[in-house]
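Colleague: Below is one structure. I have some questions about it.
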Amino acid sequence: MTHIRKAVFPVAGLGTRFLPATKSVPKEMLPLVDRPLIQYAIDEARAAGIEEFIFVSAAGKSALEDYFCTARALEAQLREAGKTKALEALEATRMPEGAMTILRQDQPRGLGHAVLLARRLVGDEPFAVLLPDDVIRGATPALSQMVDAHARTGGHMVAAMDVPRAEVGAYGVLDCGESRGRVTRARSLVEKPDPALAPSTRAVIGRYILEPSIFDELARLGPGSGGEIQLTDAINRDLPRAGVSGYRFEGERFDCGSVRGFVEATLAFALDRSDLGEGLESRLAAQLGLRPAA
Ligand code: G1P
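No gaps in the numbering here: position 102 of the sequence shown is 143 in my numbering, and each next residue is one more.
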């Protein structure tokens, strides 16, 4: 069984859907309750056993890069003031020394190009890719589920879920072959198809376990949908060699790349919290006219 040790986090996107907030705050730093979006992806990766974290960032994202520095002065201040809870919150974000590398994608050439930039750091082993916009809430982190399944299947594996047909044009989509439990073999993949022509409604969600052979395909690939180098196209081209499966993860996925999805995720994660849930429920009920505000 191959241990998946490395993960790539493409974080170069502009986050224009969140303007004006993203004028000075990178999208990945927007707080989902009180943790930035990126922290959810990191926690998921760590839970799945990832030890090396490769960020593909861009200019104007220094707040994201600073977030990963240990805030020693702040920690000392909090310790002195006896603010244990705040200190614990900070310590939970601390990364092991040397575990992170930040690369820069100088031109917005797409997700496939961002992954290709990590080639030298990944080397010749299977690795994970996590798109922090896709937040998955559930008992077992989605990437952990995939790592377990991948130990049995090998090949490329993408997280997958069914979406309404009208929405398939926003996703990579699988042509589904035979299924076994949560794993479906893909016959092909297509990026952002016309809904009327899409081979199924099984969409790719932003978690991948990829074989290193993906890099040769990415290096050969020309621009695809939207004029960008598409990861989906490279996976599709490598399908005959490596095999591709879609993994229907257990958990609820939020599209935090959209304002609506972000707000829904905020509500869901806040309602889960013992310190916020009850007060919020009555506030919501009051707003919805279900009962008077407490
Ligand atoms: C990217 C991928 C797409 C995938 C989606 C999941 O698209 O290219 O295949 O289905 O993430 O969120 P984007 O959302 O960056 O357009």
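Built from N, CA and C at the ideal position, the CB exists for glycine as well.
Would you call the segment 174 to 190 in contact with the segment 284 to 301, where contact means no fewer than 3 C-beta pairs closer than 8 angstroms?
Modeller: yes
Colleague: Which residues does DSSP list as the beta-bridge partners of M198?
Modeller: M198 is bridged to I250 and S286.
Colleague: Assuming K47 is part of the beta strand (DSSP E), what are its boundary residues?
Modeller: K47 to P51
Colleague: Report yes if the C-beta of V97 is less than 7 angstroms from at least one heavy atom of ligand 1; otherwise report no.
Modeller: No, the beta carbon of V97 sits no closer than 7 angstroms to any heavy atom of ligand 1.
Colleague: With a threshold of 7 angstroms (Cβ to nearest heavy atom), would E232 be considered close to ligand 1?
Modeller: yes
Colleague: With H, G and I counted as helix, E and B as strand and the rest as coil, what does DSSP make of L171?
Modeller: strand
Colleague: Leaving aside the five residues before and after A155 along the sequence, list all residues of the same chain whose C-beta is less than 8 angstroms from its C-beta, in chain order.
Modeller: V49, P51, A53, V97 and Q146
Colleague: Using C-beta distances below 7 angstroms, list every residue in its chain close to L105, excluding the 5 sequence neighbours before and after it, in chain order.
Modeller: So the list reads V52, P67, E69, M70, I79 and S98, once near-sequence residues are dropped.
Colleague: With DSSP as the reference, label G318 as helix, strand or coil.
Modeller: helix
Colleague: According to DSSP, is R223 helix, strand or coil?
Modeller: coil
Colleague: Would you list the residues sitting across from A244 in a DSSP beta bridge?
Modeller: The partner list for A244 (beta bridge, DSSP) reads M202 and V214.
Colleague: What is the C-beta distance between V176 and C297, in whole angstroms, given that I count them as a contact (C-beta under 8 angstroms)?
Modeller: 5 angstroms
Colleague: Do V285 and A190 have their C-beta atoms closer together than 8 angstroms?
Modeller: Taking 8 angstroms as the Cβ cut-off, V285 and A190 do not qualify as a contacting pair.
Colleague: For E232 versus T273, is the C-beta spacing smaller than 8 angstroms?
Modeller: yes
Colleague: Roughly how many angstroms lie between the CA atoms of L331 and E319, to the nearest whole one?
Modeller: 15 angstroms
Colleague: Counting only the same chain and skipping the five closest in sequence on each side, list residues whose C-beta sits under 6 angstroms from that of I347.
Modeller: Any answer about residue 347 is impossible in this case: the structure gives the chain only from 42 up to 335.
Colleague: How should V300 be labelled, buried or exposed, when 16 other C-beta atoms within 10 angstroms of its C-beta is the threshold for buried?
Modeller: Burial check for V300: the Cβ neighbour count within 10 Å stays below 16, so the residue is exposed.
Colleague: Give me, in chain order, the residues of the same chain whose beta-carbon lies closer than 7 angstroms to that of L158; leave out the 5 immediate sequence neighbours on both sides.
Modeller: Around L158: V97, L144 and Q146.
Colleague: From the DSSP secondary-structure annotation, give me the bridge partner or partners of T142.
Modeller: I95
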